[in-house]
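Under my numbering, read the sequence shown as residues 22 to 768, first letter to last. Glycine is no exception: its CB is placed at the ideal position from the N, C-alpha and C atoms. Following: one structure in structure tokens, then a few remarks.
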Amino acid sequence: MCDRPLARLLLALAFLILLLPAVLPAAASAGDRPKIGLALGGGGARGAAHIGVLRTLEEMGIPVDYVAGTSMGSIVGGLYAMGMSPDDIERTIEEIDWTDIFQDGPPRQDRRFRRKQDDRTFLIDARPGVIEKERKVELVPALIQGQKLELALRKYTLPATEIRDFDDLRIPFRAVATDVVSGEAVILAEGDLATAMRASMAVPAVFAPVEIDDRLLVDGGLAMNLPVSAVRAMGADVVIAIDVGGPRRQREEIGNVLAMLDQIASLVTFRNTEQQIATLGTRDLLIVPPLEREVLASDFPKMQAAVAIGRRAADAKRPQLARLALPPAQYAAYQAAHSPPAYQPPTIDYIRIENDSRLDDAVIASRIQVRPGDRLDPVALEGQLARVYDQDNFESVRYRVEKRDGETGVVIDANKKSWGTSSLQGGLELSATGAGDSMFNIGAAYTMAPLNGLNGEWRTILRAGEEPGIVTEVYQPLDPAERWYLQAGLAYLSENLRVLGDRSRDTPVAEYQVTRGGGFLEGGRNLGNWGRLGLRYTLYSGDVDLEIGDPEVTSYEFDVGQLQAHLTIDSLDSLNFPRSGWAGQVYGITAREWLGSSDDYDLVGFDLMKAGTWGKDSLLGALSLGGNLGGEIPIQAYYRLGGFLNLSGFNQRELSGPYAGLARVIYLRDLGTGLVRTYAGASLEAGNTWQDQGDIRLDQTRAAGALFLGADTILGPVYVGYGHADGGNNAVYLYLGRPWLLGLRSY
């Protein structure tokens with residue numbers, strides 16, 4: 022009897038001993054496994070390969086305990102650390118318009134009408150700033166201020182808005198930037214997640230630097246493109262490093278400026294990447310997706326290809342990765358612990374504006390439609406902030422969500438341009454005909470803004486060359502929303518006006534120099550962003566001097582006092598290379614002695630343009646007609662035609678007359694050559710100017726056409742073209758700036 026309990030005890034101990042081999046490995050896997058850290062390198066569009074690697078890691082059941090990322094690696098790593106799955110991150114990069122995100126301002130069709138009118142000059146877009154108080158000119162700190170990029174990052178990181186310590190994310194995270202003053206790597210472990218990611222990929226001179234804690238930060242690739250040491254310092258026992266840096270080119274492959282810049286970028290990051298790779302131990306793993314030349318740093322349209330390449334590279338490492346995998350049940354528990362809670366956009370209790378510019382807060386508030394009680398809609402808010410940014414006074418216009426006293430608020434942070442809100446511009450137009458005639462003008466403009474809280478501005482344009490002149494004008498909105506406006510100016514202009522013979526003889530009958538000086542006052546209503554209704558009174562005096570010829574009309578002096586009414590519309594997506602939208606105007610002009618004019622006459626006309634696109638091809642149709650309502654029009658009021666895409670083959674504004682008509686069909690082919698878009702184009706044009714109404718007939722219409730190449734550069738559009746018109750008229754054109762107006766007259 023006494024032996025039976027002892028036997029039972031011995032049997033139980035034996036059973037436990039048999040179970041130990043099964044129990045102990047499981048305990049080790051759950052509690053004593055090595056901590057795994059991801060080091061995600063920078064590489065621009067090549068960084069999408071990280072997504073493919075993450076997908077393989079999840080399929081294999083490999084847990085990630087720490088993430089550090091540089092540049093694009095910080096974006097992928099930050100989103101993953103928040104709790105996004107690889108599929109979510111891939112959908113995010115598919116959703117982002119990578120062409121648009123590198124343009125700070127809103128799409129042209131959404132810009133304020135005042136800025137659209139600026140496009141009608143031949144001045145280029147690039148504008149150095151002017152700081153009047155310090156009497157100096159400042160260049161912009163970067164080609165792209167990152168306005169849209171930061172708003173996109175903020176939208177996707179909204180679920181982590183309240184997290185300030187990056188260790189509190191679903192996976193502890195670090196973003197790597199570079200202190201542009203010291204050159205040291207800066208490991209960002211706290212603060213605003215979107216701002217940290219934005220700083221990590223601020224490529225110098227391309228994206229504006231980001232200021233955090235009194236340090237000016239740029240792309241982390243300059244100091245630590247592959248953040249192995251950063252993730253190891255977080256506590257990683259095993260590091261999986263993913264290097265997506267650009268390939269170094271051989272000597273024979275460096276044949277142009279773009280290849281040279283790509284090589285320099287690769288060399289800058291190569292040395293520090295090699296230093297980080299040298300720190301990897303036998304337990305660590307290096308994955309180098311074979312992106313080679315297939316996906317370059319700027320190939321953002323090819324990011325899907327980079328994802329696939331990253332996945333293949335990780336799959337090739339499956340045998341080495343297998344030792345880090347957890348059993349399915351334990352990995353499921355890991356994923357459950359790291360899955361983010363469902364996110365619901367907050368309800369807004371208040372809106373606060375932080376504005377350090379001279380503009381009234383009311384100008385900003387009139388463009389923000391978020392109201393207390395609304396649920397936050399980041400997409401709608403981005404559009405509203407774009408309209409604020411379009412006031413052209415701000416370096417950045419951002420928002421953040423904050424909690425204060427139990428309430429949720431949206432803070433609009435509008436930072437004025439550090440390089441000056443006033444600006445300088447320049448432009449160039451050059452053409453030459455087969456007959457040896459040429460046209461050359463160079464222009465410069467100075468805009469002082471804002472003059473006051475409603476964003477008034479004073480602009481002076483100086484033009485030198487064949488047709489010199491100076492125009493100074495003040496534009497003043499009359500309300501915060503810019504519904505009503507006043508505009509006043511003074512001008513002195515000199516133009517060369519040529520009167521040709523009939524179609525059988527294109528030699529000039531006479532050439533005049535027309536000079537005029539005076540002023541104008543205009544008031545009107547802006548019709549949203551798409552149109553304007555205006556009434557202008559103009560008063561000036563001038564001279565018509567005969568230069569060549571002996572016609573009945575010789576030199577004379579004149580006075581002009583006239584009223585002009587015009588309705589102008591413009592919804593084109595671009596005035597450089599339009600692909601969609603409408604533009605046009607209808608106008609009437611009356612000159613009377615009681616208005617101060619030496620001649621009585623009436624002019625009416627219209628211009629209309631429509632652009633449409635399919636794939637890489639676009640087609641523009643345009644029609645312009647103008648004439649008088651009877652009586653004789655003085656020479657200084659003649660319509661003018663000629664020049665690139667305005668009866669190509671003739672020199673600029675070579676044709677003139679009291680009546681004019683022009684019909685155009687313009688074809689554009691997007692050559693799709695990266696961030697600087699290039700185009701090939703061709704045009705068919707028909708029109709003329711006529712001296713008498715009876716001359717307006719088909720046999721007096723000129724036929725013309727052009728072939729050209731153009732590029733939409735960061736400095737503005739550049740065109741090189743050849744034009745031909747009937748009668749043996751030929752011309753070549755070179756433009757830095759915009760070559761044609763939207764019709765016969767411009768306001």
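Beta-carbon proximity list for residue i, same chain, < 8 Å, skipping 5 on both sides
i              : result
valine 341     : Reading the sequence as shown, one finds glutamine at residue 341 and not valine. Taken in chain order, the residues that qualify are Leu306.
arginine 287   : Residue identity differs from the one stated: residue 287 is serine in this sequence, not arginine. If we look at serine 287 and ignore the five residues flanking it on each side, its Cβ neighbours are Gly266, Gly267, Pro268, Arg269, Arg270.
proline 393    : Ile369, Asp370, Tyr371, Ile372
isoleucine 330 : Ala70, Gly73, Pro310, Pro311, Leu312, Glu315, Val316
glutamine 390  : Ala401, Gln405
serine 443     : Gly150, Val151, Ile152, Glu153, Tyr467, Thr468, Met469, Ala470
lysine 176     : Pro399, Val400, Glu403
valine 44      : Unreliable placement is indicated for valine 44, whose pLDDT of 39 sits below 50; no coordinate value is reported for it.
glycine 552    : Phe134, Leu588, Thr589, Ile590, Asp591
Residues near residue i by beta carbon distance below 6 Å, same chain, minus five either side
i                 : result
glycine 742       : Phe665, Ala727, Phe729, Tyr754
alanine 512       : Val492
valine 161        : Trp440
arginine 132      : Asp411
arginine 408      : Arg388
phenylalanine 541 : Gly510, Arg557, Thr559
valine 495        : Trp479, Ala509
leucine 624       : Ile610, Asn649
valine 158        : Pro149, Val151
valine 607        : Leu588, Phe627
alanine 604       : Asp591, Leu593, Met630, Leu763
Residues near residue i in its chain [Cβ-Cβ closer than 7 Å; skip 5 each side]
i              : result
valine 432     : Arg373, Glu375, Tyr420, Arg421, Glu423
glutamate 614  : Asp621
proline 218    : According to the sequence provided, residue 218 is methionine. The question's proline does not apply to it. Only Ser95, Ile96, Gly99, Leu174, Ala196 meet the Cβ criterion.
alanine 206    : Val197, Thr199, Gly241, Ala244, Met245
glycine 601    : In the sequence under discussion, the amino acid at residue 601 is serine, which differs from the glycine named in the question. Within the same chain, serine 601 has close Cβ partners Asp594, Ala632, Gly633, Thr634.
glutamine 583  : Thr559, Ile610, Thr611, Ala612, Leu616, Ser618
asparagine 436 : Asp377, Phe415, Glu416, Ser417
Alpha-carbon to alpha-carbon, residue j and residue i
i             : j              : result
leucine 472   : glutamate 153  : 12 Å
alanine 327   : proline 268    : 14 Å
alanine 223   : valine 197     : 11 Å
tyrosine 577  : glycine 652    : 19 Å
glycine 648   : proline 655    : 12 Å
arginine 272  : isoleucine 285 : 13 Å
glutamate 516 : alanine 318    : 49 Å
alanine 220   : tyrosine 688   : 41 Å
serine 203    : lysine 137     : 42 Å
CA nearest to the CA of residue i, picked from the options
i                 : options                        : result
valine 151        : Gly538, Ile122, Gly441         : Gly441
alanine 257       : Arg332, Pro322, Gly58, Tyr608  : Gly58
glutamine 714     : Tyr558, Glu116, Ala681         : Ala681
serine 669        : Gly652, Gly744, Ser601         : Gly744
glutamate 503     : Gly544, Asp140, Gly748         : Gly544
valine 252        : Gly62, Ala658, Pro322          : Gly62
lysine 56         : Pro498, Tyr364, Met255, Val74  : Met255
glutamate 79      : Asp108, Pro248, Ala66, Gly64   : Asp108
leucine 640       : Lys438, Leu445, Val686, Tyr496 : Val686
tyrosine 467      : Met105, Ile145, Gly538, Phe134 : Ile145
tyrosine 500      : Ala383, Glu211, Gly605         : Reading off the sequence, residue 500 comes out as aspartate, not tyrosine. Among Ala383, Glu211, Gly605, the Cα nearest to that of aspartate 500 belongs to Ala383.
glycine 626       : Leu646, Gly642, Asp638         : Leu646
serine 459        : Lys137, Lys637, Glu155, Asn750 : Asn750
glycine 486       : Met630, Pro180, Leu449         : Leu449
phenylalanine 598 : Glu159, Tyr506, Tyr700         : Tyr700
tryptophan 780    : Phe671, Gln325, Pro366, Arg537 : This structure leaves residue 780 out entirely; the chain is present only between 22 and 768.
lysine 637        : Ala210, Arg718, Gly693         : Gly693
glycine 427       : Pro367, Glu295, Leu662         : Pro367
According to DSSP, residues forming a beta bridge with residue i
i              : result
glycine 540    : Leu511, Leu560
arginine 195   : Ala89
tryptophan 551 : Bridge partners of tryptophan 551: none, in fact.
asparagine 476 : None; asparagine 476 has no bridge partner.
serine 639     : Thr634, Leu689
methionine 81  : Paired residue(s): none; methionine 81 is not in a bridge.
tryptophan 711 : Tyr680
lysine 437     : Phe415
Short CB-CB distance (under 9 Å) between residue i and chain D
i           : result
alanine 350 : Of the protein chains in this structure there is only one, and it is not chain D.
- Item | Three or more C-beta pairs below 8 Å linking the stretch 358-371 and the stretch 179-195 | With the cut-off at 8 Å, the stretch 358-371 and the stretch 179-195 touch.
- Three CB pairs or more closer than 8 Å across the stretch 475-492 and the stretch 179-188: No, they do not touch.
- For the 8 Å Cβ check, are there 3 or more pairs between the stretch 384-401 and the stretch 157-171? Contact between the stretch 384-401 and the stretch 157-171 is absent, because fewer than three Cβ pairs lie under 8 Å.
- Given 8 Å, three or more beta-carbon pairs between the stretch 578-594 and the stretch 538-557: Put simply, the stretch 578-594 touches the stretch 538-557. At least three CB pairs are less than 8 Å apart.
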